[in-house]
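Peer 1: For the sequence shown, position 172 (counting from the first letter as 1) is numbered 171 according to numbering that gives the first Met the number 0, and the numbering increases by one without interruption.
Note that CB positions come from ideal geometry on N, CA and C, so glycine has one too.
Being a predicted model, the structure only gives us computed values, none of them experimental.
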Amino acid sequence: MEPGRGEELRRKAASALHYALLVGAALALLAAGARDSAAITAAALLAGWLVGSRAEYAVHRFVLHGPALAARVHARHHAAPAREQIDPLSYFGPIVVALLAWAALHALGGGAALAGGLTAGLCLQYSWFRAVHRRMHRPGHRLASGRLAHFHRGHHVDLRRNSRRHHAFWDRLFRTQRRTARTQG
């Protein structure tokens, strides 16, 4: 096996496991919730997506660029953005968070529809984020040259800006958006 090939295979395996666990868990939670109440599950799914989006912004801004171990791990991404990181924190931390969220919501009496929908929204939002983020750093991929990638590169220029990385909603709301000629308007 050529040098680096083993590392590439490990990355692909870790990525496949990550998506299988998060998306699989989300689908199972949605199915269980829909048996209880499809309407509550659907509303909770949307709420979970929004909560996940906000949490991703906050974690990225305050934890991944903070003084902790997570910041040191995340700094490797900024040093080599096109190289996919294999670290337990970003791959499997969200799975643990999702399980804890489900358990807490269920214990508080949220029921299968509410707990399942919210947790599924968290899982699917993070999976979407990882898929888009990875492709934005892949040279030649159409997402690597679009408006999202331009917005995200602004974060690599100024770490205090564009913390949400894939859309400007939270950065506009909290006034952390790095404005450039291409992001005006």
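1) Given Leu207, which residues of its chain have a CB within under 8 Å of its CB, disregarding the five upstream and five downstream residues?
2) Taking Pro87 as part of the alpha helix (DSSP H), name the residues at either end of that continuous run.
3) To the nearest whole angstrom, what separates the beta carbons of Gly116 and Ala42, a pair I think is in contact under 8 Å?
4) Do you know whose CA, among His136, Phe91, Val131, His132, lies nearest Ala24's CA?
5) Which same chain residues, not among the five before or five after Leu104, have their C-beta less than 8 Å away from its C-beta?
6) If you check the beta carbons only, do Val72 and Leu88 fall under 7 Å apart?
7) Relative to the C-alpha of Trp101, which residue among Arg10, Gln176, Leu29 is closest?
8) Does Gly47 come out as helix, strand or coil in the three-state DSSP assignment?
9) Quick check on the burial criterion: 16 or more other C-beta atoms within 10 angstroms. Buried or exposed for Leu8?
10) How would you write the range of the alpha helix (DSSP H) that Thr118 sits in, first residue to last?
11) Under a Cβ-count criterion, where at least 16 other Cβ atoms within 10 Å of its own Cβ denotes burial, should Gly108 be classed as buried or exposed?
12) Using 10 angstroms around the beta-carbon of Ala111, count the other beta-carbons present and answer buried if the total reaches 16, otherwise exposed.
13) What does the alpha-carbon distance come out to for the pair Ala15 and Ala130?
Peer 2: If we stick to the structure as given:
1) Beyond the ends of the chain as shown, which are 0 and 184, falls residue 207; an answer cannot be given.
2) 87-106
3) 7 Å
4) Phe91
5) Leu113, Ala114, Leu117, Thr118
6) yes
7) Leu29
8) helix
9) exposed
10) 110-135
11) exposed
12) buried
13) 11 Å
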